[in-house]
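Residue numbers (the working numbering), protein chains in the order written: chain P, 1 to 257; chain Z, 1 to 254.
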Amino acid sequence: MSEKNTKILRRDFLKAASRLIPGGLLFIMAPGTQALLAAVEGKEYDPSEHNYAMGVDIHKCIGCGRCADACKKENDVPREPTFFRTWVERYAIPSEGEARVDSPNGGIDGFPEVKDDRDIMRSFFVPKLCNHCTNAPCVQVCPVGATFTSPDGVVLVDREYCVGCRYCIQACPYGARYLHPEEHVADKCTFCYHRIREGLLPACVEVCPTKARVFGEVGQRSSPMHRFLRLNDVTVLKSWLNTKPKVYYAGADGEVR
Amino acid sequence: MQIKKRTNIKFNVPQQLIPLGILFILVITALIVARYLLVPPTFGELGHYRSQAIEDNLAHPMSYAGYYSCNECHDDMMELKNQSNHRGVACEVCHGPAAKHIEDPSEYLPDAPRDRGFCPLCHGYDPARPSGFPQIIPALHNPGHACIFCHDPHNPLLPHAPEECSACHRDIANQKAVSHHATLDCTECHVVAAEHLTDPRSALAQKPVERALCGKCHADDADASKGIPRVEMASHGQRYLCWDCHYPHSPEAY
Chain P
1 MSEKNTKILR
11 RDFLKAASRL
21 IPGGLLFIMA
31 PGTQALLAAV
41 EGKEYDPSEH
51 NYAMGVDIHK
61 CIGCGRCADA
71 CKKENDVPRE
81 PTFFRTWVER
91 YAIPSEGEAR
101 VDSPNGGIDG
111 FPEVKDDRDI
121 MRSFFVPKLC
131 NHCTNAPCVQ
141 VCPVGATFTS
151 PDGVVLVDRE
161 YCVGCRYCIQ
171 ACPYGARYLH
181 PEEHVADKCT
191 FCYHRIREGL
201 LPACVEVCPT
211 KARVFGEVGQ
221 RSSPMHRFLR
231 LNDVTVLKSW
241 LNTKPKVYYA
251 GADGEVR
Chain Z
1 MQIKKRTNIK
11 FNVPQQLIPL
21 GILFILVITA
31 LIVARYLLVP
41 PTFGELGHYR
51 SQAIEDNLAH
61 PMSYAGYYSC
71 NECHDDMMEL
81 KNQSNHRGVA
91 CEVCHGPAAK
101 HIEDPSEYLP
111 DAPRDRGFCP
121 LCHGYDPARP
131 SGFPQIIPAL
141 HNPGHACIFC
151 HDPHNPLLPH
161 APEECSACHR
171 DIANQKAVSH
181 HATLDCTECH
191 VVAAEHLTDP
201 RSALAQKPVE
211 RALCGKCHAD
221 DADASKGIPR
231 VEMASHGQRY
241 LCWDCHYPHS
251 PEAY
């Protein structure tokens with residue numbers, strides 16, 4: 001009996017081989033074919049595979065305010081100088097006394113001329129925006145679940161569902177939110193979510209003339225963000241609040257809050 | 001025995017519980033119905049929010065077309081610009097959002113700023129700008145002329161090499177001008193190749209490397225004017241280079 005069982009008939013062998021060989025070939029080629037198919041068909045976007053972040057190099061920022069201007073144009077932010085999704089602050093640290101910070105109209109129209117820079121020890125520009133915190137205080141306080149962290153790590157606002165109670169504006173330690181004067185909903189930077197999902201850069205990064213802003217994904221070696229984090233001494237704003245921001249600053253002074 | 005006894009106990013529903021029970025069931029049903037009606041359809045799919053909101057955010061129209069879109073028609077301009085110092089500056093920085101222009105190139109034309117106000121947003125002097133970034137004082141720099149009269153923004157070569165280092169290093173020049181080193185030329189300490197003036201990154205100005213350079217004036221046996229503070233080079237902070245402690249553009253010793 002056992003002898004008969006172990007003996008493979010030629011017919012059975014061919015049958016099995018005809019099933020196994022194409023399967024095996026497909027298995028070997030699978031990574032390649034999948035990539036090829038994805039490229040042809042456009043791969044289904046899986047948000048859990050992405051974790052977006054931004055890097056800001058203070059040394060490179062020239063304070064032209066093009067980012068704040070582009071942000072307003074891209075995202076229909078009201079032009080009045082009290083509403084910003086991103087803005088540029090100018091810090092001037094004197095040899096003695098408190099640091100002076102100004103941001104007239106978010107830096108969009110330029111900064112007023114410094115008449116006397118003799119007492120300034122250090123001076124630099126700091127672009128600010130929503131930090132897309134991993135532990136976002138605004139998400140925690142929203143009573144209706146209208147602000148949330150998307151699966152790809154971007155803090156978004158649900159305009160349909162926001163009741164405009166302003167709790168999130170109070171909770172944000174970075175002052176990154178405002179109440180939209182016409183729609184009466186909280187509004188803030190979305191990392192240009194509608195652009196990044198299409199593979200484009202956020203508008204502010206797109207127009208930065210000195211590449212002071214870098215956008216990419218954390219943990220993806222090919223991403224410009226990975227290079228930014230590897231090559232710079234980075235800090236985040238108000239790290240002691242444990243909000244775990246995803247906007248990283250290179251060359252940020254201790255005075256920057 | 002005990003188990004048997006328990007099963008024998010007859011359970012009577014207290015009379016007052018029956019209306020209460022009905023009320024309870026009604027309230028729960030009302031709550032379920034209310035929840036069904038009030039909670040939006042996609043709420044809670046991914047978390048404590050409406051997952052539809054992600055799609056709503058995606059629906060926002062784009063204004064900026066992106067760096068590579070302009071190349072399809074304006075490749076000649078891109079090529080010119082990409083050889084110049086403005087190679088990193090996207091077209092839409094100056095020309096504004098161009099997505100509409102790409103949809104209908106003849107109907108919608110992007111801006112082209114031509115007035116003097118625009119270029120100083122980047123190139124006007126501000127001590128907060130990084131040193132070496134080309135900066136002018138608009139009030140002093142050929143007032144009345146449009147920038148494009150002399151400079152081509154797509155290939156911003158200088159009409160002539162800057163005569164002063166302060167054209168780009170004004171923050172340092174300003175500091176030096178009020179310091180004890182005011183009368184020293186930059187080239188007294190820095191070796192500046194001619195190419196540095198036209199293409200600064202290709203040949204950076206050399207910084208001093210030896211203590212002896214400062215010693216030319218500050219050594220106790222130096223051949224220099226009497227008012228200059230002197231130190232004994234052999235014993236004064238010999239482990240350090242002079243500029244480890246003193247800032248040469250604004251030296252603090254009196």
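Every residue gets a Cβ at the ideal spot worked out from N, C-alpha and C, and that includes glycine.
Show which residues of chain A have a CB atom less than 8 Å away from the CB atom of H48/Z. This model lacks chain A altogether, as its protein chains are P and Z.
Proximity to L58/Z [Cα-Cα], best of A53/P, Y45/P, D57/P: The residue you call residue 58/Z lines up with position 58 of the second sequence. The alpha carbon of L58/Z has as its nearest neighbour, out of A53/P, Y45/P, D57/P, the alpha carbon of Y45/P.
Does the Cβ of R211/Z lie closer than 7 Å to at least one heavy atom of the ligand NAP? By its list of ligands, the structure shown contains no ligand whatsoever, and the ligand NAP lies outside what it can speak to.
Residue range of the beta strand (DSSP E) that Y248/P falls in? Position 248 of the first sequence holds residue 248/P. DSSP places Y248/P inside the beta strand (DSSP E), whose first and last residues are 247-250.
Within 10 Å of its beta-carbon, does A35/P have 16 or more other beta-carbons around it, so buried, or fewer, so exposed? Start at 1 with the first residue of the first sequence, and residue 35/P comes out as number 35. Caution is warranted here: a pLDDT of 48 is assigned to A35/P, below 50, making its placement in the model unreliable, and the coordinate value is therefore given only provisionally. Around the beta-carbon of A35/P, fewer than 16 other beta-carbon atoms lie within 10 Å, marking it exposed.
So, is the C-beta of A54/Z closer than 8 Å to a C-beta in chain P? Along the second sequence, read from residue 1 onward, the residue named residue 54/Z stands at position 54. A small correction: the amino acid at residue 54/Z is Ile; Ala does not occupy that position in the sequence shown. At least one chain P Cβ lies under 8 Å of I54/Z.
Distance between beta carbons of N85/Z and P138/Z, contact taken as under 8 Å: If you number the second sequence from 1, residue 138/Z lands on position 138. If you number the second sequence from 1, residue 85/Z lands on position 85. 19 Å between Cβ atoms; not a contact.
Is there a Cβ from chain Z that is less than 8 Å from the Cβ of V207/P? By 1-based counting over the first sequence, the position of residue 207/P is 207. Yes, V207/P counts as interfacial toward chain Z.
Could you give the C-beta distance for R116/Z and A146/Z, rounded to a whole number, given that I count them as a contact under 8 Å? Taking the second sequence and counting its residues from 1, the one referred to as residue 116/Z is at position 116. Taking the second sequence and counting its residues from 1, the one referred to as residue 146/Z is at position 146. Between A146/Z and R116/Z the Cβ distance is about 6 Å, and since that is below 8 Å, they are a contact.
Among C189/Z, C217/Z, E92/Z, the one whose alpha carbon lies nearest that of V205/P: Indexing the first sequence from 1 puts residue 205/P at position 205. Ranked by Cα distance from V205/P, the options C189/Z, C217/Z, E92/Z are led by E92/Z.
For a contact defined as C-beta to C-beta under 8 Å, what are the partners of M77/Z on chain P? If you number the second sequence from 1, residue 77/Z lands on position 77. Those do not exist, as M77/Z stays about 16 Å from chain P at its closest Cβ, beyond 8 Å.
Does any residue of chain P have a CB that is nearer than 8 Å to the CB of Y247/Z? Translated into the one-based positions of the second sequence, residue 247/Z becomes position 247. No, because no Cβ of chain P sits closer than 8 Å to the Cβ of Y247/Z.
Look at the alpha carbon of P31/P and the alpha carbon of N51/P, and state the distance between them as a whole number of angstroms. The residue given as residue 31/P occupies position 31 in the first sequence. The residue given as residue 51/P occupies position 51 in the first sequence. Only weak support exists for where P31/P lies, its pLDDT of 46 falling under 50; the value from the coordinates is given anyway. Within the model, the alpha-carbon separation for P31/P versus N51/P is close to 23 Å.
Helix, strand or coil: how does DSSP classify R227/P here? In the first sequence, the residue the question calls residue 227/P occupies position 227. For R227/P, the secondary structure class from DSSP, reduced to helix, strand or coil, is helix.
Can you pull the DSSP bridge partners for A186/P? The count along the first sequence starts at 1 and reaches residue 186/P at position 186. DSSP output for A186/P lists L179/P as bridge partner(s).
Could you check the C-alpha separation between G260/P and G66/Z for me, to the nearest Å? Summary: the structure shown does not reach residue 260/P, with chain P confined to residues 1 through 257, and so no result is reported for it.
Buried or exposed (CB count within 10 angstroms, at least 16 for buried), D220/Z: Walking along the second sequence from the start, residue 220/Z turns up at place 220. Answer is exposed; the Cβ neighbour count stays below 16.
If you compare alpha carbons, which of G132/Z, G237/Z, H180/Z is closest to R170/Z? Translated into positions along the second sequence, residue 170/Z becomes position 170. R170/Z has its Cα closest to that of G132/Z, out of G132/Z, G237/Z, H180/Z.
Under the rule that 16 or more other beta-carbon atoms within 10 Å means buried, what is P19/Z, buried or exposed? In the second sequence, the residue the question calls residue 19/Z occupies position 19. Burial is judged here by how many other beta carbons sit within 10 angstroms of a residue's own beta carbon; P19/Z has fewer than 16 and is exposed.
What's the call for I54/Z, buried or exposed, on a 16-neighbour Cβ count within 10 Å? Reading the second sequence from its first residue, position 54 is the one you call residue 54/Z. Its Cβ being crowded by 16 or more others within 10 Å, I54/Z is buried.
How do the region 245-255 of chain P and the region 220-234 of chain P stand: do at least 3 beta-carbon pairs fall below 8 Å, yes or no? In the pairwise beta carbon analysis, the region 245-255 of chain P is classified as touching the region 220-234 of chain P: at least three pairs are separated by under 8 Å.
Check whether F111/P and Y178/P have beta carbons under 8 Å apart: Counting from 1 along the first sequence, the entry for residue 111/P is found at position 111. Counting from 1 along the first sequence, the entry for residue 178/P is found at position 178. Result no, Cβ atoms of F111/P and Y178/P do not sit closer than 8 Å.
DSSP state of A234/Z mapped onto helix, strand, coil: Indexing the second sequence from 1 puts residue 234/Z at position 234. In this structure, A234/Z counts as coil in the three-state DSSP scheme.
Stretch-stretch touch, CB-based, cutoff 8 Å, three pairs: the region 209-222 of chain P with the region 53-65 of chain P: Taking 8 Å as the limit for Cβ pairs, the verdict is that the region 53-65 of chain P does touch the region 209-222 of chain P.
Which first and last residues belong to the alpha helix (DSSP H) in which K100/Z is found? For the purposes of this step, residue 100/Z is identified with residue 100 of the second sequence, where counting begins at 1. Boundaries of the alpha helix (DSSP H) harbouring K100/Z: 99-103, taken from the DSSP string.
State buried or exposed for K72/P, treating a residue as buried only when at least 16 other CB atoms are found within 10 Å of its CB. Along the first sequence, one-based indexing puts residue 72/P at 72. Taking all protein chains shown into account, K72/P has 16 or more neighbouring C-beta atoms within 10 Å of its C-beta and is therefore buried.
Proximity test, Cβ basis, 8 Å: H59/P and chain Z: Residue mapping note: residue 59/P aligns to position 59 of the first sequence, counting from 1. Yes, H59/P counts as interfacial toward chain Z.
Secondary structure at D185/Z, three-state DSSP: helix, strand or coil? If you number the second sequence from 1, residue 185/Z lands on position 185. D185/Z: coil per DSSP, three-state reduction.
What is the rounded straight-line gap between the Cα of S223/P and the Cα of G216/P? Within the first sequence, the letter at position 223 stands for residue 223/P. Within the first sequence, the letter at position 216 stands for residue 216/P. Whole-angstrom Cα-Cα distance: 5 Å.
Less than 8 Å separating the beta-carbons of C165/P and C138/P? What you label residue 165/P is simply residue 165 of the first sequence in a count that begins at 1. What you label residue 138/P is simply residue 138 of the first sequence in a count that begins at 1. C138/P sits away from C165/P, with the two beta carbons spaced by 8 Å or more.
Proximity of V191/Z and A205/Z at Cβ, strictly below 8 Å: To locate residue 191/Z, count along the second sequence from 1; it is residue 191. To locate residue 205/Z, count along the second sequence from 1; it is residue 205. Note that the C-beta distance between V191/Z and A205/Z is below 8 Å.
Short-range partners of chain P found in the region 84-95 of chain Z, where Cβ spacing is below 7 Å: Considering only beta carbons, the part of the region 84-95 of chain Z lying closer than 7 Å to chain P consists of G88, V89, A90, E92, V93, in chain order.
Just list the beta strand (DSSP E) runs in the region 50-104 of chain Z, keeping only unbroken ones of 3 residues or longer that don't cross its boundaries, in chain order. DSSP runs (the beta strand (DSSP E)) wholly in the region 50-104 of chain Z: none.
If contact is defined by three or more beta carbon pairs under 8 Å, each pair taking one atom from either stretch, is the region 150-157 of chain P in contact with the region 24-34 of chain Z? In short, these stretches do not touch, since the Cβ pair count stays below three.
Three-way DSSP call (helix, strand, coil) for E217/P in this model: Here residue 217/P is taken as the residue at index 217 of the first sequence, counted from 1. Annotated three-state conformation of E217/P is strand, per DSSP.
Out of C133/P, P81/P, L129/P, point me to the one whose CA is closest to W240/P's CA. On the first sequence, position 240 is the one that residue 240/P refers to. Comparing Cα-Cα distances from W240/P to each of C133/P, P81/P, L129/P, the minimum goes to C133/P.
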